[in-house]
Amino acid sequence: MTHLHYLNTTCAVCGESCRFTIPEGAVSVGSRDLDTRPAEPLRSTIYAWVKRCPSCGYCAPDPGRPLKGAVDVVRLPRYRWQLDARKFPKIANTFLCWSIVQEDLGVPAQAAWASLHAAWVCDDEGEDVPARICRKRAADLLQRAWEQGERLAPQEGADEALLVDLLRRAGRFREARAVAAEILEQNPQPLIADIMRLQVRLIAASDRGAHTVAEARRFRRPVSL
Ligand SMILES: [Zn+2]
Numbered sequence: 050m051t052h053l054h055y056l057n058t059t060c061a062v063c064g065e066s067c068r069f070t071i072p073e074g075a076v077s078v079g080s081r082d083l084d085t086r087p088a089e090p091l092r093s094t095i096y097a098w099v100k101r102c103p104s105c106g107y108c109a110p111d112p113g114r115p116l117k118g119a120v121d122v123v124r125l126p127r128y129r130w131q132l133d134a135r136k137f138p139k140i141a142n143t144f145l146c147w148s149i150v151q152e153d154l155g156v157p158a159q160a161a162w163a164s165l166h167a168a169w170v171c172d173d174e175g176e177d178v179p180a181r182i183c184r185k186r187a188a189d190l191l192q193r194a195w196e197q198g199e200r201l202a203p204q205e206g207a208d209e210a211l212l213v214d215l216l217r218r219a220g221r222f223r224e225a226r227a228v229a230a231e232i233l234e235q236n237p238q239p240l241i242a243d244i245m246r247l248q249v250r251l252i253a254a255s256d257r258g259a260h261t262v263a264e265a266r267r268f269r270r271p272v273s274l
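Structure follows, in structure tokens:
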């Protein structure tokens with residue numbers, strides 16, 4: 050069961066007093082999605098992962114924590130546009146604004162995570178086109194993180210597996226298939242190999258839906274690429 054408590058803080062950008070609802074103690078029970086999205090009840094606490102200052106629009110996991118440079122990012126026209134962009138659900142905009150902050154401060158890996166989280170909000174709202182835009186952005190940021198020598202996840206092959214899912218669910222099947230084939234050629238650890246085989250099957254079926262890691266474990270049989 051998820052319990053709620055409140056975070057009273059002062060916005061680090063504008064100094065306004067803010068109060069946010071915080072779910073506590075939620076864990077993921079069951080298999081995660083292929084893009085790491087947790088199972089319930091943690092899954093449904095997403096609305097509280099990033100908070101928006103109602104006064105200045107600063108979006109962050111903890112708007113009370115000062116972040117060097119954030120004051121300037123919040124003023125950017127791009128940030129102001131994203132804050133109320135009509136084509137995205139409001140909570141997706143909150144995540145995308147946090148993603149812009151991280152991108153602008155030179156942390157593309159964290160910006161990629163925030164953009165992926167925005168995609169999950171869009172999924173929940175049934176907003177397919179915005180979800181694809183968020184995933185494309187996450188895929189681009191992930192690759193930018195690699196160029197800087199950063200990884201999104203420490204486990205070997207996890208970033209590559211995530212990239213395949215981002216590309217598949219964004220409808221970029223050819224690119225997704227190419228990355229999956231490349232990973233399989235490198236003899237990855239068994240779980241990554243299982244996931245890649247499932248991805249290859251999903252791509253062949255033009256399946257852009259959400260699937261779980263448990264499914265990948267279930268269908269352990271070789272396929273030809
Ligand atoms: Zn503020």
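Under the numbering used here, think of the first position of the sequence shown as 50, with each following residue one higher.
The beta carbon of each residue, even a glycine, is placed where N, CA and C say it ideally should be.
Residues around ligand 1, please: the ones whose beta-carbon is closer than 6 Å to some heavy atom of it, in chain order. C60, V62, C63, E65, C102, S104, C105, Y107
Compute the distance between the beta-carbons of I241 and G206, then report whether it is under 8 Å. Working through the sequence shown from its first residue, we reach residue 241 at position 192. Working through the sequence shown from its first residue, we reach residue 206 at position 157. Contact flag set, yes.
Pick from R186, L53, R81, R266 that is closest to A75, judged by C-alpha positions: Against the sequence shown, residue 75 aligns to sequence position 26. A75 has its Cα closest to that of L53, out of R186, L53, R81, R266.
Inspect the CB distances between the segment 153-160 and the segment 78-94 and report whether three or more fall short of 8 Å. no
Do L215 and D84 have their beta-carbon atoms positioned less than 8 Å apart in this structure? If you number the sequence shown from 1, residue 84 lands on position 35. If you number the sequence shown from 1, residue 215 lands on position 166. For D84 and L215, yes; Cβs fall inside 8 Å.
For A187 versus L165, is the C-beta spacing smaller than 8 Å? On the sequence shown, position 138 is the one that residue 187 refers to. On the sequence shown, position 116 is the one that residue 165 refers to. In contact: A187 and L165 (Cβ atoms closer than 8 Å).
Counting Cβ pairs, one atom from each stretch, are 3 or more of them under 8 Å apart for the segment 229-248 and the segment 56-69? no
Closest by C-alpha distance to V40, when choosing among P72, E176, L116: Nothing about residue 40 can be read from this structure; the chain reaches only from 50 to 274.
For R68, which three-state DSSP category applies? Counting from one through the sequence shown, the residue named residue 68 turns up at place 19. If DSSP states are grouped into helix, strand and coil, R68 belongs with the strands.
Option nearest A180 by Cα separation, candidates A219, D189, E152: For the purposes of this step, residue 180 is identified with residue 131 of the sequence shown, where counting begins at 1. Measuring from the Cα of A180, the nearest candidate turns out to be A219.
Mind the definition here: the segment 121-134 touches the segment 86-98 only if three or more C-beta pairs lie below 8 Å; say whether that holds. no
Go through its chain and collect everything with a Cβ distance to C222's Cβ below 7 Å, but skip five positions before and after it. Taking the sequence shown and counting its residues from 1, the one referred to as residue 222 is at position 173. According to the sequence provided, residue 222 is Phe. The question's Cys does not apply to it. Cβ within range, chain order: I252, S255.
Looking only at DSSP bridge pairs, what is K100 linked to? Residue mapping note: residue 100 aligns to position 51 of the sequence shown, counting from 1. Per DSSP, A109.
From L145 to P138, what does the alpha carbon distance come to, in whole angstroms? Position 96 of the sequence shown, counted from the first residue, corresponds to residue 145. Position 89 of the sequence shown, counted from the first residue, corresponds to residue 138. Roughly 10 Å between the two C-alpha positions.
Going by DSSP, what residues sit across from Y55 in a beta bridge? Start at 1 with the first residue of the sequence shown, and residue 55 comes out as number 6. T70.
Can the beta-carbon of A141 be found closer than 8 Å to that of C171? As a first step, residue 141 is located in the sequence shown; it is residue number 92 there, counting from the start. As a first step, residue 171 is located in the sequence shown; it is residue number 122 there, counting from the start. In contact: A141 and C171 (Cβ atoms closer than 8 Å).
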